[in-house]
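See structure below.
There are 2 protein chains.
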Amino acid sequence: MATVSDLNAHTGYWLRMVSNAVSQEFARKVAGNEVTVAEWAFMRALFDVASTPPSLLAEKMGMTKGAISKLADRLVAKGLVERADNPQDKRAHNLSLTAAGRAKVPLLASLADENDAEFFGALTRQEHEALDRLLRKLAEKRGLKSVPVD
Amino acid sequence: MATVSDLNAHTGYWLRMVSNAVSQEFARKVAGNEVTVAEWAFMRALFDVASTPPSLLAEKMGMTKGAISKLADRLVAKGLVERADNPQDKRAHNLSLTAAGRAKVPLLASLADENDAEFFGALTRQEHEALDRLLRKLAEKRGLKSVPVD
DNA sequence: TATTGTTATACTCTATAACTATA
DNA sequence: TATAGTTATAGAGTATAACAATA
């Protein structure tokens with residue numbers, strides 16, 4: 001347990017600080033592409049799976065069904081995502097990127113690359129790789145899954 | 001530049017995922033203490049400085065003046081923060097924790113400790129220290145400053 | 001005019017909980 | 001009853017921009 005004198009030891013505090021800065025800058029970068037950061041994350045998670053039910057996406061992304069539903073609505077309205085009926089279970093359906101959505105991924109990915117380079121370029125290559133590894137380890141422990149092909 | 005095939009290389013994506021999970025859980029933990037995560041970060045930044053103008057706090061926290069102003073309003077209403085006139089410049093003022101605000105810090109800090117332990121306990125001690133160091137390095141490069149005593 | 005801070009406005013993000021339609 | 005998903009509601013978080021007071 002830390003005492004008040006070592007408040008600065010809180011990793012969560014720095015994590016939030018850095019993550020917010022990275023996301024804010026990325027939001028600016030994607031703003032011109034009619035897509036938000038959360039929408040990009042959604043599309044990115046969908047990119048490598050042919051098709052997936054909302055419930056699974058919610059679990060993977062650490063979000064509630066309701067949040068996924070709302071995000072999906074927006075992306076469907078923009079023509080980037082589509083819902084397909086599940087013949088086996090009429091309650092269920094599957095989400096996937098449309099051709100337009102899929103076509104947009106490389107552009108958005110290159111903006112994400114730029115953003116990564118801008119922020120993590122402050123680290124050496126070894127440091128950057130170490131950070132990546134640590135974050136993935138934490139995500140995994142938390143049940144946040146990457147796309148299947150990972 | 002990454003190509004579409006190495007989408008998973010985006011550090012920003014994982015950073016956001018992990019940070020969101022950590023903050024969400026912490027929000028649950030502090031919810032019973034009439035304080036939000038952003039409010040705690042604000043109080044924490046204020047804890048080690050006797051008194052600071054909003055503009056400086058905004059710079060340190062990577063937020064706009066408007067956002068700081070709104071947060072300060074809420075904390076003043078809760079009796080945790082106070083504004084003091086600056087005799088040298090009537091436009092300016094200084095923010096500081098009230099006695100009640102200061103008294104609340106150890107409890108909130110211990111919840112932050114708990115949260116850190118819960119998430120970063122998945123790492124070895126060396127890994128946890130490495131993560132800390134990397135995050136601070138990134139924050140520093142970005143001009144996000146820790147409190148002066150750091 | 002420039003600067004400090006507040007206020008007005010507007011979104012995104014997300015949760016919780018109630019609801020609908022199946023199973 | 002249980003489950004898949006949607007919808008309704010609400011609030012946090014934050015930005016941008018216009019504004020007021022003072023320098």
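Just so you know, the protein sequences line up as chains A and B, in that order. The UniProt record's numbering puts the first residue of the first sequence at 1, with every later residue one more than the last. The UniProt record's numbering puts the first residue of the second sequence at 1, with every later residue one more than the last. Where is the CB? At the ideal position from N, CA and C, for every residue including glycine. Everything numeric in this text was worked out from a predicted model, so none of it was measured.
Practice prompt. Check whether the Cβ atoms of S96 (chain A) and S23 (chain A) lie closer than 7 Å to each other.
Written response: On the first sequence, position 96 is the one that residue 96 (chain A) refers to. On the first sequence, position 23 is the one that residue 23 (chain A) refers to. Taking 7 Å as the Cβ cut-off, S96 (chain A) and S23 (chain A) do not qualify as a contacting pair.
Discussion item. I'd like to know if M17 (chain A) contacts chain B, where contact means its C-beta is closer than 7 Å to some C-beta of that chain.
Written reply: Mapped onto the first sequence, residue 17 (chain A) falls at position 17. True, the Cβ-Cβ gap to chain B drops below 7 Å.
Practice prompt. Taking the CB atoms as reference points, tell me whether D132 (chain A) and T11 (chain B) lie closer together than 7 Å.
Written response: Numbered from 1 along the first sequence, position 132 holds the residue referred to as residue 132 (chain A). Numbered from 1 along the second sequence, position 11 holds the residue referred to as residue 11 (chain B). Their beta carbons are under 7 Å apart, which means D132 (chain A) touches T11 (chain B) by this criterion.
Worksheet item: What residues are listed by DSSP as bridge partners for V81 (chain B)?
Response: As a working mapping, residue 81 (chain B) is identified with position 81 in the second sequence. The partner list for V81 (chain B) (beta bridge, DSSP) reads B:L97.
Discussion item. Just to confirm, is the Cβ distance from L135 (chain B) to L134 (chain A) under 7 Å?
Written reply: Taking the second sequence and counting its residues from 1, one reaches residue 135 (chain B) at position 135. Taking the first sequence and counting its residues from 1, one reaches residue 134 (chain A) at position 134. Cβ atoms of L135 (chain B) and L134 (chain A): not closer than 7 Å.
Practice prompt. Spell out whether any CB of chain B is found under 7 Å from the CB atom of V22 (chain A).
Written response: Here residue 22 (chain A) is taken as the residue at index 22 of the first sequence, counted from 1. Chain B contact via Cβ: present.
Fill in: Interface positions of the segment 115-126 of chain A facing chain B (Cβ-Cβ less than 7 Å), listed along the chain
N115, D116, F119, F120, A122, L123
Discussion item. For a test of the three-state rule: what should DSSP assign to T11 (chain A), helix, strand or coil?
Written reply: Residue mapping note: residue 11 (chain A) aligns to position 11 of the first sequence, counting from 1. DSSP places T11 (chain A) in helix when its eight states are reduced to three.
Practice prompt. With DSSP as the reference, please indicate the residues paired to T124 (chain B) in a beta bridge.
Written response: Counting from one through the second sequence, the residue named residue 124 (chain B) turns up at place 124. Note: T124 (chain B) sits in no beta bridge, so no partner.
Discussion item. Strictly below 9 Å CB to CB, what residues from chain B border T36 (chain A)?
Written reply: Residue mapping note: residue 36 (chain A) aligns to position 36 of the first sequence, counting from 1. In chain order: nothing, as chain B lies at least about 12 Å away.
Worksheet item: chain B partners of E137 (chain A), CB-CB under 8 Å?
Response: Locating residue 137 (chain A) in the first sequence gives position 137, where the first residue counts as 1. The identity of residue 137 (chain A) in the sequence shown is Lys, whereas the question assumes Glu. In chain order: A122, L123, E127.
Worksheet item: Ends of the alpha helix (DSSP H) at K145 (chain A)?
Response: Position 145 of the first sequence holds residue 145 (chain A). From DSSP, K145 (chain A) is part of no alpha helix (DSSP H); its letter is neither H nor E.
Worksheet item: Name the DSSP bridge partner or partners of T36 (chain A)?
Response: Reading the first sequence from its first residue, position 36 is the one you call residue 36 (chain A). BP columns for T36 (chain A) are empty, so no partner.
Discussion item. Quick test of your reading: I68 (chain B) and P54 (chain B), contact by CB under 8 Å. State the CB separation rounded to the nearest angstrom.
Written reply: Counting from 1 along the second sequence, the entry for residue 68 (chain B) is found at position 68. Counting from 1 along the second sequence, the entry for residue 54 (chain B) is found at position 54. That pair is a contact at about 5 Å.
Worksheet item: If you count every other CB in all the chains shown that lies within 10 Å of the CB of K60 (chain B), and 16 or more means buried, which is it?
Response: Taking the first residue of the second sequence as 1, we reach residue 60 (chain B) at position 60. It is buried - the Cβ of K60 (chain B) has at least 16 other Cβ atoms within 10 Å.
Fill in: Which listed residue (A:R91, A:G62, A:L123, A:D113) has its alpha carbon closest to that of F42 (chain A)
Counted from its first residue, the first sequence places residue 42 (chain A) at position 42. Nearest C-alpha to F42 (chain A): A:G62.
Fill in: Simplified DSSP assignment, three categories, for A2 (chain A)
In the first sequence, residue 2 (chain A) corresponds to position 2, counting from 1. Residue confidence for A2 (chain A) is low, a pLDDT of 46 falling below 50, so the modelled location carries little weight; the figure read from the coordinates is stated next. Three-state DSSP puts A2 (chain A) in coil, outside helix and strand.
Worksheet entry | Contact with chain A by D73 (chain B), beta-carbon distance below 7 Å | Mapped onto the second sequence, residue 73 (chain B) falls at position 73. Judged by the 7 Å Cβ criterion, D73 (chain B) is not in contact with chain A.
Discussion item. Am I right that A58 (chain B) and T64 (chain B) are in contact with their C-beta atoms under 8 Å? What's the rounded C-beta distance?
Written reply: The residue you call residue 58 (chain B) lines up with position 58 of the second sequence. The residue you call residue 64 (chain B) lines up with position 64 of the second sequence. 6 Å between Cβ atoms; contact.
Discussion item. Per DSSP, what are the beta-bridge partners of T52 (chain B) in this structure?
Written reply: Residue numbering aside, residue 52 (chain B) sits at position 52 when the second sequence is read from its first letter. B:L95, per the DSSP bridge assignment.
Worksheet item: List, in order along the chain, the chain A residues whose C-beta lies closer than 7 Å to that of K141 (chain B)?
Response: In the second sequence, residue 141 (chain B) corresponds to position 141, counting from 1. Under the 7 Å cutoff, chain A gives A122.
Worksheet entry | Where N86 (chain A) falls: helix, strand or coil (DSSP) | Against the first sequence, residue 86 (chain A) aligns to sequence position 86. In this structure, N86 (chain A) counts as coil in the three-state DSSP scheme.
Fill in: Straight-line Cα distance separating S110 (chain A) from D116 (chain A)
Along the first sequence, read from residue 1 onward, the residue named residue 116 (chain A) stands at position 116. Along the first sequence, read from residue 1 onward, the residue named residue 110 (chain A) stands at position 110. Roughly 10 Å between the two C-alpha positions.
Item to complete: Ignore the nearest five residues each way along the sequence and tell me which others in R83 (chain B)'s own chain have a CB closer than 8 Å to its CB.
Response: If you number the second sequence from 1, residue 83 (chain B) lands on position 83. Contacts found: A72, V76, H93, N94, L95.
Practice prompt. Output the distance between the C-alpha atoms of A103 (chain A) and D113 (chain B), rounded to the nearest integer angstrom.
Written response: Within the first sequence, numbered from 1, the residue matching residue 103 (chain A) stands at position 103. Within the second sequence, numbered from 1, the residue matching residue 113 (chain B) stands at position 113. Computed Cα separation, rounded: 44 Å.
Item to complete: Check the C-beta distance from W40 (chain A) over to L138 (chain A) and give it rounded, since I have them as a contact under 8 Å.
Response: Here residue 40 (chain A) refers to the residue found at position 40 of the first sequence. Here residue 138 (chain A) refers to the residue found at position 138 of the first sequence. That belief does not hold up - the Cβ atoms of W40 (chain A) and L138 (chain A) are roughly 21 Å apart, past 8 Å.
Fill in: Assigned secondary structure, M63 (chain A) (DSSP; H/G/I helix, E/B strand, else coil)
Sequence index remark: in the first sequence, residue 63 (chain A) carries index 63 (1-based). Three-state result, M63 (chain A): coil.
Worksheet item: Ordered along the chain, which non-local residues of its own chain (more than five positions away) have a Cβ less than 8 Å from that of G79 (chain A)?
Response: For the purposes of this step, residue 79 (chain A) is taken as the residue at position 79 of the first sequence. Cβ within range, chain order: T98, A100, G101.
Discussion item. Against chain A, with Cβ distances strictly below 7 Å, would W14 (chain B) count as a contact?
Written reply: Here residue 14 (chain B) refers to the residue found at position 14 when the second sequence is read from its first residue. Yes, W14 (chain B) lies at the interface with chain A (some Cβ there is under 7 Å from its Cβ).
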